[in-house]
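Below is one structure, written out as structure tokens; comments come after it.
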Amino acid sequence: MLGSALLPPPLPPWDGIHPLIVHFPIALLLVSPLFVLLGFLPKVGRGFALAGLVLMVLGTIGAYVAVESGEAGAELVTRTPEVAPVLQQHRELADTVRVLFTVLTAVWAVLLFGPALLKNKKLPAAAPTVAKIAFLVAYLLCAIVLANVGHLGGRLVHQYGVQAWFDGK
Amino acid sequence: MRTNERVPVLAGTSMFLAVVLSAAVSMGQETRPAKPEEKKEAGMTTTLDNLVTAYNGESNAHARYVEFAKKADEDGYGQVASLFRAAARAEEIHAETHGEVIKKLGGTPKADLRKPEVKSTRENLEAALKGETYERDTMYPDFLRQAKAEKNRDAVRTFNFALSAETEHAKLYKEALDNLDSWKGGKKDFYVCPVCGYTVVKVDFEKCPVCSAPKDKYEKIN
Ligand SMILES: [Fe+2]
Ligand SMILES: [Fe+2]
Numbered sequence: 001m002l003g004s005a006l007l008p009p010p011l012p013p014w015d016g017i018h019p020l021i022v023h024f025p026i027a028l029l030l031v032s033p034l035f036v037l038l039g040f041l042p043k044v045g046r047g048f049a050l051a052g053l054v055l056m057v058l059g060t061i062g063a064y065v066a067v068e069s070g071e072a073g074a075e076l077v078t079r080t081p082e083v084a085p086v087l088q089q090h091r092e093l094a095d096t097v098r099v100l101f102t103v104l105t106a107v108w109a110v111l112l113f114g115p116a117l118l119k120n121k122k123l124p125a126a127a128p129t130v131a132k133i134a135f136l137v138a139y140l141l142c143a144i145v146l147a148n149v150g151h152l153g154g155r156l157v158h159q160y161g162v163q164a165w166f167d168g169k
Numbered sequence: 001m002r003t004n005e006r007v008p009v010l011a012g013t014s015m016f017l018a019v020v021l022s023a024a025v026s027m028g029q030e031t032r033p034a035k036p037e038e039k040k041e042a043g044m045t046t047t048l049d050n051l052v053t054a055y056n057g058e059s060n061a062h063a064r065y066v067e068f069a070k071k072a073d074e075d076g077y078g079q080v081a082s083l084f085r086a087a088a089r090a091e092e093i094h095a096e097t098h099g100e101v102i103k104k105l106g107g108t109p110k111a112d113l114r115k116p117e118v119k120s121t122r123e124n125l126e127a128a129l130k131g132e133t134y135e136r137d138t139m140y141p142d143f144l145r146q147a148k149a150e151k152n153r154d155a156v157r158t159f160n161f162a163l164s165a166e167t168e169h170a171k172l173y174k175e176a177l178d179n180l181d182s183w184k185g186g187k188k189d190f191y192v193c194p195v196c197g198y199t200v201v202k203v204d205f206e207k208c209p210v211c212s213a214p215k216d217k218y219e220k221i222n
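Printed below as a string of structure tokens:
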């Protein structure tokens with residue numbers, strides 16, 4: 001019995017994989033600001049800030065995979081009058097979100113490494129705290145947009161019964 | 001990396017692994033799909049039969065709309081003629097996508113093309129609206145139910161494409177019928193997705209709302 005439990009489960013096809021993928025970027029991108037915040041701690045701060053960057057990179061890559069697999073899966077969704085507008089909003093907002101987090105990830109990388117790379121040019125060794133606080137505020141606003149994308153996806157599944165399916169073999 | 005930097009990096013990595021593992025176990029499995037040959041043996045219609053019916057319907061609709069467009073031009077309803085041409089192109093695309101699935105299932109796409117019955121432009125619009133309404137409300141929903149039960153994703157995809165487009169066609173025909181006089185005169189631009197046949201008056205999106213094809217792929221038809 002344990003033998004079969006140690007075998008990996010079957011992978012759905014690309015157009016059915018969206019539900020498997022989509023929770024990764026949401027979790028990763030929502031947890032990374034916590035690491036950004038811990039980045040303000042003295043001494044250990046920089047390690048947390050770096051961990052935040054790693055989570056953001058993984059989450060953003062996940063967002064691209066989620067959007068692309070979602071587009072494939074959306075072709076299997078029948079556009080009833082109720083489903084069509086919610087699905088369209090979900091797709092458009094998801095497209096926006098991946099762009100937002102690409103920009104945020106790049107900005108956080110610049111804030112972490114930019115000053116060190118430019119240290120010969122008589123700039124401060126670390127990005128000013130005010131810049132990091134402004135980043136955190138912008139990040140939290142984008143996290144709300146991300147939460148709304150997830151909420152729309154949740155409505156499609158739990159309110160309208162939209163499902164990605166595969167034969168499970 | 002300094003030792004005090006390693007701890008949080010490790011914390012972040014283990015967080016990632018935890019998410020990976022929990023998501024991997026969250027996928028549910030579904031029951032085995034009913035086999036089409038079992039349905040066939042029981043004298044029931046299969047998705048392949050439905051695809052052949054839909055292929056025939058779309059091919060005939062294409063031929064009918066081409067003739068309706070000529071008649072609309074003769075009657076001075078240039079904008080209605082454009083609409084019929086756009087819808088004809090969409091039906092042609094649906095016939096193509098249905099045909100590909102038929103071939104994939106081992107069948108042969110073959111249409112029994114009938115000579116279109118052409119009447120006045122108003123009557124042609126009424127006939128077209130009736131046809132699209134039937135496809136939207138009855139035919140494609142039934143075919144989709146069966147294709148989903150058979151877990152035939154290719155069939156579901158092509159029926160979804162057609163259903164979305166027919167819904168728009170019905171709206172546009174209704175609009176033309178309600179204001180027929182204002183549809184007189186020159187041509188009108190319509191845009192048709194070459195992948196799914198979705199038909200619109202204005203491309204106000206980045207990607208096709210039905211198949212995600214980029215908006216610049218849309219064909220202008222007038
Ligand atoms: Fe049609
Ligand atoms: Fe399309």
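From first to last, the protein sequence lines are chains Z and S.
For the record, in the first sequence the residue sitting at position 92 is 92 according to our numbering, with numbers rising by one throughout.
For the record, in the second sequence the residue sitting at position 61 is 61 according to our numbering, with numbers rising by one throughout.
For each residue, glycine too, the CB sits at the ideal point set by N, CA and C.
Just so it is clear, the structure is predicted and the values come from calculations on it, not from any experiment.
Looking at ligand 2, does it come within less than 6 Å of residue i, judged from the CB to the closest heavy atom?
| i | result |
| --- | --- |
| S:VAL210 | yes |
| S:TYR198 | yes |
| Z:VAL220 | A question about residue 220 of chain Z goes unanswered here, because the residues of chain Z that appear run from 1 up to 169. |
| S:LYS193 | A small fix is needed here, since residue 193 of chain S is Cys in this sequence, not Lys. Yes, the Cβ of S:CYS193 comes within 6 Å of a heavy atom of ligand 2. |
| S:ALA213 | yes |
In whole angstroms, what is the alpha-carbon distance linking residue i and residue j?
| i | j | result |
| --- | --- | --- |
| Z:VAL83 | Z:PRO128 | 46 Å |
| S:LYS110 | S:VAL101 | 13 Å |
| S:VAL20 | S:ALA90 | With a pLDDT of only 44 at S:VAL20, under 50, the local geometry of the prediction cannot be trusted, and the value read off the model is given with reservation. Near 43 Å, if we compare the C-alpha coordinates of S:ALA90 and S:VAL20. |
| S:GLU135 | S:GLU58 | 10 Å |
| Z:SER4 | Z:LEU11 | 15 Å |
| Z:ALA143 | Z:ASP15 | 26 Å |
| Z:VAL44 | Z:VAL36 | 12 Å |
| S:GLY28 | Z:PRO13 | Any answer about S:GLY28 is weak, because its pLDDT of 37 lies below 50 and its placement is not dependable; what the coordinates show is given next. If I take the Cα positions, the gap works out to 14 Å. |
| Z:TRP165 | S:PHE190 | 34 Å |
| Z:ILE17 | S:HIS98 | 24 Å |
| Z:LEU50 | Z:PRO33 | 11 Å |
| S:PRO214 | S:CYS193 | 9 Å |
| Z:HIS151 | Z:GLY62 | 18 Å |
| Z:LEU30 | Z:ALA147 | 9 Å |
| S:TYR55 | S:GLU117 | 19 Å |
| S:GLU168 | Z:LEU117 | 56 Å |
| Z:GLN89 | Z:THR105 | 24 Å |
| S:CYS211 | S:VAL195 | 7 Å |
| Z:ALA94 | S:VAL200 | 23 Å |
| S:ARG122 | S:GLY76 | 12 Å |
| S:ASP154 | Z:LEU87 | 20 Å |
| S:TYR218 | Z:LEU41 | 53 Å |
| Z:TYR64 | Z:GLY39 | 26 Å |
| S:GLU67 | Z:VAL107 | 59 Å |
| S:ILE221 | S:GLU96 | 18 Å |
| S:VAL52 | Z:LEU28 | 47 Å |
| Z:THR96 | Z:VAL145 | 9 Å |
| Z:ILE133 | Z:VAL103 | 16 Å |
Terminal residues of the continuous beta strand (DSSP E) containing residue i?
| i | result |
| --- | --- |
| S:GLU67 | Per DSSP, S:GLU67 belongs to no beta strand (DSSP E); it is in the alpha helix (DSSP H), 47-74. |
| S:LYS220 | 219-221 |
| Z:VAL145 | Counting along the chain, Z:VAL145 falls outside any beta strand (DSSP E), though it belongs to the alpha helix (DSSP H) covering 129-154. |
Along the chain, where does the alpha helix (DSSP H) that runs through residue i open and close?
| i | result |
| --- | --- |
| S:TYR134 | 121-134 |
| S:PHE84 | 78-104 |
| Z:VAL110 | 83-117 |
| Z:VAL57 | 45-74 |
| Z:VAL31 | 23-38 |
| Z:TYR160 | Run containing Z:TYR160: none; DSSP gives neither H nor E here. |
| S:TYR191 | Run containing S:TYR191: none in the alpha helix (DSSP H); it sits in the beta strand (DSSP E), 190-192. |
| S:PRO141 | 140-149 |
| S:TYR224 | Nothing about residue 224 of chain S can be read from this structure; chain S reaches only from 1 to 222. |
| S:ARG157 | 153-178 |
| S:GLY107 | Element bounds for S:GLY107: n/a, residue is neither H nor E. |
| Z:SER4 | 2-5 |
Looking at the C-beta of residue i, does it have a partner C-beta in chain B at a distance below 7 Å?
| i | result |
| --- | --- |
| Z:LEU76 | Any reference to chain B falls outside this structure, whose protein chains are Z and S. |
Taking 6 Å as the cut-off, is the C-beta of residue i nearer than that to any heavy atom in ligand 4?
| i | result |
| --- | --- |
| S:ALA176 | Among the ligands in the structure shown, ligand 4 does not appear; only ligand 1 and ligand 2 can be found there. |
### Message
Can you confirm whether the stretch 68-79 of chain Z touches the stretch 23-36 of chain Z when touching is taken to mean that 3 or more C-beta pairs between the two stretches lie within less than 8 Å?
### Response
no
### Query
Per the contact definition of three or more C-beta pairs closer than 8 Å, is the stretch 46-55 of chain Z in contact with the stretch 137-156 of chain Z?
no
### Query
Taking three-plus beta-carbon pairs below 8 Å as touching, is the stretch 143-152 of chain S in contact with the stretch 62-70 of chain Z?
no
### Query
Between the stretch 69-78 of chain S and the stretch 204-213 of chain S, do at least 3 Cβ pairs fall closer than 8 Å?
no
### Query
Is the stretch 156-163 of chain S touching the stretch 124-141 of chain S, taking contact as three or more C-beta pairs under 8 Å?
yes
### Message
With three or more C-beta pairs closer than 8 Å as the rule, is the stretch 172-186 of chain S touching the stretch 44-58 of chain S?
### Response
no
### Sufficient close CB pairs (3 or more, under 8 Å) joining the stretch 102-122 of chain Z to the stretch 154-162 of chain Z
no
### Validate contact between the stretch 124-131 of chain S and the stretch 189-204 of chain S using beta carbons, cut 8 Å, 3 pairs
no
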